[in-house]
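> In our numbering, the protein residues as written are 1 to 409.
Would you mind keeping the following structure in view while I ask a few things?
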């Protein structure tokens, strides 16, 4: 254990030195400007990295034996690695994040599926567990949130003891992710949902009313028990820092009385890539309005093309960022968003998986976005995510980051 403590504390000192640099406070200031719709420059981040392919010269190899120390060690090594090789706009913070101990029943009904047997990202065929009203009544039950306060306290004390005051410990809870359509897809399968929206829309509405009620009941309990994450650093892989929400801060000891009104939320009905704006409004937007009303700010979207749906998304209260995936018409999306929201651009992660890293393609992709957003005055961020592979060449992400820095000046 003494060896593990030595390893962790040495890494913690390196992170503390990085966190104390003025550039970290400057990044936070710039995120606040962007999220206030008054940006000074585009921002960029890299997330959802294929870390199993990134271990350059053993920099990510864990050397601790104790499981708690190994968890801390990974956070610290990842932070140092990011700062050294990617240096995106993710600020280095003077604390580590540790999750509070709690469980939620009801909304976490497990999926039943068959996969193709491959390793990694396999395809799935889901069993429809909610084919009729009887199943809705029987299987969709109101969630119960159980917070283990004592376990959370012990865990915090253990982490603080290991770090010995070098870094703080920030206890995190629920981050506002409202992925109810993902859950419905896991419970039913996408094909069944698509047919029912056309052939039996009343059934889908009954399902949605119950699922939304379940999530609202869950949110009530999360707030009551002090389980909202205070001062989120990120929201859906983007910087969350802002001056918009009253009481939004990054105090590691805050959070027990934190509410949704001081938090971000985000949702992404990715299967709605296949539906019209009218159906998108009917089966998603109208149901999430009460949820977004509870929160201070909201992010919307992921991989679905939202360029043709911005007019519908404007109905969502407190919306601040809209995802623009690799499959949008960039000029149309920028025209629709204008100065009213952050244009959250998702460059194509396939570009880091080619046989040879295509620098010209990546540069052209950035330039196209800059041209469209400049033309229409959009606040813009670039978020490279869903990175499945870099073909075992970590330097591709470093090159991508270098290109991004040149465009985000």
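Where is the CB? At the ideal position from N, CA and C, for every residue including glycine.
1. Looking at the unbroken alpha helix (DSSP H) that takes in residue 8, where does it start and where does it end?
2. Starting from residue 85 and walking both ways along the alpha helix (DSSP H), at which residues does that stretch end?
3. Alpha carbon to alpha carbon, how far is residue 2 from residue 301? Give it in angstroms, no decimals.
4. Measuring CB atoms only, is the region 183-200 touching the region 266-283, in the sense that at least three cross pairs come out at less than 8 Å?
5. If we require 3 or more residues per run, which beta strand (DSSP E) segments fall completely within the region 363-405?
6. If residue 263 and residue 178 are in contact, beta carbons under 8 Å, what's the gap, nearest whole angstrom?
7. Is there contact between the region 141-152 and the region 214-227, where contact requires at least three CB pairs shorter than 8 Å?
8. Look at the alpha carbon of residue 38 and the alpha carbon of residue 386, and state the distance between them as a whole number of angstroms.
9. Within 10 angstroms of its Cβ, does residue 62 collect 16 or more other Cβ (buried), or is it exposed?
10. Pairs of beta-carbons, one from the region 302-318 and one from the region 15-35, closer than 8 Å: are there three or more?
11. Is residue 262 helix, strand or coil by DSSP?
12. Our contact map puts residue 259 next to residue 292 with C-beta atoms below 8 Å; I'd like the distance itself, whole angstroms only.
13. Which first and last residues belong to the alpha helix (DSSP H) in which residue 162 is found?
14. Give the C-beta separation of residue 4 and residue 65 to the nearest angstrom, bearing in mind that I take them to be a contact with Cβ-Cβ under 8 Å.
15. Within its chain, find whatever has a CB closer than 8 Å to the CB of residue 51; leave out the 5 residues flanking it on each side and keep chain order.
16. Residue 241 bridges to which residues according to DSSP?
17. Applying the 10 Å Cβ sphere with the 16-neighbour rule, what's the burial state of residue 372?
18. When the Cα atoms are used, what is the spatial distance from residue 188 to residue 207?
19. Count the other CB atoms within 10 Å of the CB of residue 280; is the residue buried (16 or more) or exposed (fewer)?
20. Is residue 361 near the ligand ADP, going by C-beta to nearest heavy atom under 7 Å?
21. Among residues of its own chain, excluding the 5 on either side of residue 241, which ones have a beta-carbon nearer than 6 Å to its beta-carbon?
22. Over the uninterrupted alpha helix (DSSP H) stretch that includes residue 218, give me the two end residues.
On the basis of the coordinates in this document:
1. Mapped onto the chain shown, residue 8 falls at position 8. Run containing residue 8: 2-19, per the alpha helix (DSSP H) assignment.
2. Position 85 of the chain shown, counting from 1, holds the residue named residue 85. Run containing residue 85: none; DSSP gives neither H nor E here.
3. On the chain shown, position 301 is the one that residue 301 refers to. On the chain shown, position 2 is the one that residue 2 refers to. The alpha-carbon atoms of residue 301 and residue 2 are separated by roughly 46 Å.
4. Contact between the region 183-200 and the region 266-283 is present, because at least three Cβ pairs lie under 8 Å.
5. Annotation: the region 363-405 contains the following complete segments of the beta strand (DSSP E) (minimum length 3 residues), in chain order: 380-384.
6. What you label residue 263 is simply residue 263 of the chain shown in a count that begins at 1. What you label residue 178 is simply residue 178 of the chain shown in a count that begins at 1. About 11 Å separates the beta carbon of residue 263 from that of residue 178, a gap too long to meet the 8 Å contact definition.
7. Taking 8 Å as the limit for Cβ pairs, the verdict is that the region 214-227 does touch the region 141-152.
8. Taking the first residue of the chain shown as 1, we reach residue 38 at position 38. Taking the first residue of the chain shown as 1, we reach residue 386 at position 386. One C-alpha to the other measures close to 28 Å.
9. Here residue 62 refers to the residue found at position 62 when the chain shown is read from its first residue. Residue 62 should be labelled exposed.
10. Taking 8 Å as the limit for Cβ pairs, the verdict is that the region 15-35 does not touch the region 302-318.
11. Numbered from 1 along the chain shown, position 262 holds the residue referred to as residue 262. If DSSP states are grouped into helix, strand and coil, residue 262 belongs with the helices.
12. By 1-based counting over the chain shown, the position of residue 259 is 259. By 1-based counting over the chain shown, the position of residue 292 is 292. So it is not a contact: roughly 14 Å between Cβ atoms.
13. Here residue 162 corresponds to residue number 162 of the chain shown, with the count starting at 1. First-last of the alpha helix (DSSP H) with residue 162: 149-163.
14. Walking along the chain shown from the start, residue 4 turns up at place 4. Walking along the chain shown from the start, residue 65 turns up at place 65. With 8 Å as the limit, residue 4 and residue 65 qualify as a contact, their Cβ atoms being about 6 Å apart.
15. Your numbering for residue 51 matches position 51 in the chain shown. So the qualifying residues of the chain are 60 and 78.
16. Stepping through the chain shown from its first residue, residue 241 is reached at position 241. Under DSSP, residue 241 forms no beta bridge with any residue.
17. Residue mapping note: residue 372 aligns to position 372 of the chain shown, counting from 1. The residue in question, residue 372, is buried, as its Cβ has 16 or more Cβ neighbours within 10 Å.
18. Here residue 188 corresponds to residue number 188 of the chain shown, with the count starting at 1. Here residue 207 corresponds to residue number 207 of the chain shown, with the count starting at 1. Straight-line Cα distance between these residues: approximately 11 Å.
19. Locating residue 280 in the chain shown gives position 280, counting from the first residue. Buried, because 16 or more other Cβ atoms sit within 10 Å of the Cβ of residue 280.
20. Ligands displayed in this structure: none; no statement on the ligand ADP is therefore possible.
21. Taking the chain shown and counting its residues from 1, one reaches residue 241 at position 241. If the five residues before and after residue 241 are omitted, its C-beta is found closer than 6 Å to the C-beta atoms of 28, 31 and 32, all from its own chain and listed in chain order.
22. On the chain shown, position 218 is the one that residue 218 refers to. It spans 201-224 - the alpha helix (DSSP H) in which residue 218 sits, taken as one unbroken run.
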